[in-house]
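Enquirer:
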Amino acid sequence: MDEPQDPPRPKDDREERLGLEPGDFYLSPEGYIIFTEQYHRKRGYCCGSNCRHCPFGHEAVKKVQG
Numbered sequence: 010m011d012e013p014q015d016p017p018r019p020k021d022d023r024e025e026r027l028g029l030e031p032g033d034f035y036l037s038p039e040g041y042i043i044f045t046e047q048y049h050r051k052r053g054y055c056c057g058s059n060c061r062h063c064p065f066g067h068e069a070v071k072k073v074q075g
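Letter by letter, the sequence shown follows residues 10 to 75 of the numbering used here.
1. Please name the residue, chosen from Val-73, Lys-71, Gly-75, Arg-50, that lies closest to Phe-65 on a Cα-to-Cα basis.
2. What did DSSP end up calling Tyr-54 once you bin it into helix, strand or coil?
3. What's the gap between the Cα of Ala-69 and the Cα of Glu-46?
4. Can you tell me whether DSSP reads Tyr-41 as helix, strand or coil?
5. Rounded to whole angstroms, what is the Cα-Cα separation between Glu-25 and Asp-33?
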């Protein structure tokens, strides 16, 4: 008797859907997408999300008052 097989997994097309190119990101050990300096420079501005590789000095990150 044949063993049941898992259905085929869909192709991971995140890069294509998001318009990403090789070198734009890597995956953290936890599975998060980490954008590289290359990606941020192509975008051209700080998004304010406190990104790890922000080449713009985190200029749009809101400062915590306290």
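We treat Cβ as the ideally placed atom computed from N, Cα and C, and that holds for glycine.
Expert: The relevant details are as follows:
1. Closest in C-alpha terms to Phe-65, from the list Val-73, Lys-71, Gly-75, Arg-50, comes Arg-50.
2. DSSP places Tyr-54 in coil when its eight states are reduced to three.
3. Each residue's CA atom was taken as its position, placing Ala-69 and Glu-46 some 16 Å apart.
4. Here Tyr-41 sits in coil by DSSP.
5. When rounded, the distance between both Cα atoms is 12 Å.
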